[in-house]
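Engineer:
There are 4 protein chains.
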Amino acid sequence: MSWKPDKDKPICPQLCEYICLSIATGVYGAGDKLPSVREMAVTAGVNPNTVKRAYEILEFRGIVTSVRNQGTFVSENTLIAKESLENMRRQKTAEYFTDMKALGMDAEAVKKYIEEWNA
Amino acid sequence: MSWKPDKDKPICPQLCEYICLSIATGVYGAGDKLPSVREMAVTAGVNPNTVKRAYEILEFRGIVTSVRNQGTFVSENTLIAKESLENMRRQKTAEYFTDMKALGMDAEAVKKYIEEWNA
Amino acid sequence: MSWKPDKDKPICPQLCEYICLSIATGVYGAGDKLPSVREMAVTAGVNPNTVKRAYEILEFRGIVTSVRNQGTFVSENTLIAKESLENMRRQKTAEYFTDMKALGMDAEAVKKYIEEWNA
Amino acid sequence: MSWKPDKDKPICPQLCEYICLSIATGVYGAGDKLPSVREMAVTAGVNPNTVKRAYEILEFRGIVTSVRNQGTFVSENTLIAKESLENMRRQKTAEYFTDMKALGMDAEAVKKYIEEWNA
DNA sequence: GTGGTCTAGACCACA
DNA sequence: GTGGTCTAGACCACG
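Chains as they are written, first to last, in this note's numbering: chain A, 1 to 119; chain B, 120 to 238; chain C, 239 to 357; chain D, 358 to 476.
#1: Under 8 Å between C-beta atoms, does B/M159 make it to chain A?
#2: What are the partner residues of B/V186, as DSSP defines its beta bridges?
#3: How is the alpha helix (DSSP H) around C/D337 delimited, first residue to last?
#4: Quick one: Cα of C/K330 to Cα of C/N285, how far?
#5: When DSSP builds the beta bridges, which residues end up paired with B/K152?
#6: Tell me which residues of the region 159-186 of chain B have at least one Cβ-Cβ distance to chain A shorter than 7 Å, keeping chain order.
#7: Is there a Cβ of chain A sitting closer than 8 Å to that of B/T217, yes or no?
#8: Expressed to the nearest angstrom, what Euclidean distance is found between the alpha-carbon atoms of B/V170 and D/I420?
#9: Could you tell me if D/L378 is buried or exposed, where buried requires 16 or more neighbouring beta carbons within 10 angstroms of its beta carbon?
#10: Closer than 8 Å is the cut-off here; do at least three beta carbon pairs connect the region 143-158 of chain B with the region 181-198 of chain B?
#11: Under DSSP, the alpha helix (DSSP H) around A/A119 begins and ends at which residues?
#12: If we define contact as Cβ-Cβ less than 8 Å, is C/K350 a contact residue for chain D?
#13: Hey, would you say A/K111 sits closer than 8 Å to B/E234, going by beta carbons?
#14: Against D/G461, what residues of chain C qualify as contacts under a CB-to-CB distance less than 8 Å, listed in chain order?
#15: Could you check if D/G461 is buried or exposed, using at least 16 other CB atoms within 10 Å of its CB as the buried criterion?
#16: Within 10 Å of its beta-carbon, does D/F417 have 16 or more other beta-carbons around it, so buried, or fewer, so exposed?
#17: Indicate whether at least one CB of chain C lies closer than 8 Å to the CB of D/D389.
#18: Alpha carbons only, please: which of C/A340, C/R276 and C/E346 is nearest the one belonging to C/T310?
#19: Excluding five sequence neighbours on each side, which residues of the same chain lie with their C-beta closer than 7 Å to the C-beta of B/T160?
#20: Applying the 10 Å Cβ sphere with the 16-neighbour rule, what's the burial state of A/A102?
#21: Pick out whichever of C/L296, C/F335, C/S274 and C/E321 has its Cα sitting closest to the Cα of C/Q308.
#22: Go through its chain and collect everything with a Cβ distance to A/A81's Cβ below 7 Å, but skip five positions before and after it.
#23: Pick out whichever of C/E324, C/D344 and C/A345 has its Cα sitting closest to the Cα of D/D456.
#24: Compare the C-alpha of D/A476 against each of C/A332, C/W355 and C/A347 and name the closest.
#25: B/E227: buried (16+ other C-beta within 10 angstroms of its C-beta) or exposed?
Here it is in structure tokens:
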């Protein structure tokens with residue numbers, strides 16, 4: 001799994017999603033130490049401020065825990081990450097349906113549309 | 120069909136979509152005069168500049184034509200509006216799949232997810 | 239000579255130019271009565287107000303003379319029309335050189351450019 | 358090269374031309390960062406919105422690329438700017454010929470006229 | 001009253 | 001500090 005941010009979208013949420021997914025899939029296990037802000041910034045090719053904010057957001061969601069002078073750690077309960085991921089999926093899907101509705105397709109039509117979707 | 124803009128998203132594109140859909144569904148026929156910039160601004164509860172911008176975008180796409188001192192008119196070729204609408208749908212769908220992929224679901228998983236979607 | 243207004247440009251000045259040219263080339267001779275505002279509006283497919291304004295502009299320039307309840311007449315001195323035409327030519331040409339200068343071409347370059355112009 | 362907008366014409370297109378020319382002549386090279394919207398607004402003595410609009414137009418033409426929170430950059434392919442400039446020249450020239458035709462001069466006459474032009 | 005242009009200034013998320 | 005979005009309101013030529 002690699003970090004390929006979509007340049008047209010805000011980086012911070014993308015980074016959040018990426019880390020969250022990494023945790024949910026076990027790349028980082030419960031209690032593991034995440035890369036330091038600077039480290040992550042370098043490997044992700046991103047501004048450290050952005051990483052810092054991403055960590056803060058994840059901490060707010062209870063997915064990670066920051067310990068002063070020690071680093072940022074994955075919460076003991078990795079279930080939260082999984083739920084968070086599922087929430088994001090639901091949100092994006094809901095948004096998608098809303099958008100398609102604005103484009104003149106009701107839920108049924110969208111389902112059919114997706115069914116026949118390719119590429 | 121009513122105009123209920125999502126407050127969390129840019130109004131201009133939403134307005135574009137709305138007008139485009141109106142044309143595609145025949146609310147405005149080929150050659151019809153659209154409401155004037157100011158008129159539309161009032162009925163949509165939006166700043167005239169925003170409406171003008173939307174009209175400009177639609178004009179660029181060949182969906183409408185603005186004539187100085189006369190008004191803005193639906194293009195003779197209504198097909199363009201329909202195609203434009205379909206393009207938007209495709210784009211949103213593609214984006215959706217990309218997003219879901221970033222959330223750890225491949226195309227197949229997404230299709231199943233959608234199939235079981237409710238609400 | 240026929241009246242083919244460029245739809246993308248203001249009609250009034252175009253009409254002025256057209257009438258002025260008609261006088262300069264003898265379509266209307268010195269002292270001749272021009273078509274009435276309404277007449278001209280119909281034949282030119284234009285708003286009567288626009289014709290009226292054009293006549294006013296031409297009168298201001300001394301090219302025609304309006305007589306209350308009688309109509310608009312070509313001035314005795316048609317030379318004025320010819321000079322006016324020449325002024326317009328000069329003005330357009332000067333503007334053209336200015337524009338081309340803004341596009342990075344000096345007078346010499348423009349002259350060469352024109353020399354090789356086709357279509 | 359200096360920025361002297363013609364007060365009688367829309368500023369935005371003039372600004373576009375100016376920037377385009379700057380790029381075509383190498384003032385800004387491929388990949389270079391253009392002045393920020395606000396910066397350019399100050400140096401050009403123009404409203405930031407107007408600059409933004411110009412940047413948008415240039416972006417649409419593929420001449421520059423705007424990156425959120427980073428700035429606006431000259432496209433890698435500088436050729437586009439040069440072609441765009443040439444297109445503008447062609448367009449202005451074509452318009453000029455059209456105008457002169459409406460003033461009673463055919464292409465040949467115009468060419469002679471230009472040849473003898475001074476000032 | 002129409003679209004076209006511009007200014008002024010605000011707020012936003014992001015970096 | 002960056003671009004992105006929107007509002008408010010002004011003036012213009014044209015019809």
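No residue lacks a Cβ here, since even glycine has one placed at the ideal position from N, Cα and C.
Structural biologist: To lay it out plainly:
#1: no
#2: B/G190
#3: L317 to A340
#4: 26 Å
#5: B/F192
#6: Answer set for the region 159-186 of chain B: empty.
#7: yes
#8: Going by C-alpha positions, B/V170 is about 27 Å away from D/I420.
#9: buried
#10: yes
#11: Segment: none, A/A119 is in no alpha helix (DSSP H) and carries neither H nor E.
#12: no
#13: yes
#14: L259, A262, T263 and L323
#15: buried
#16: exposed
#17: no
#18: C/R276
#19: This sequence places Ala at residue 160 of chain B; Thr is not what is there. Excluding sequence neighbours, B/A160 sits near N166, P167 and V170.
#20: buried
#21: C/S274
#22: C20, I23, A24 and I63
#23: C/E324
#24: C/A332
#25: Under this definition B/E227 is an exposed residue.
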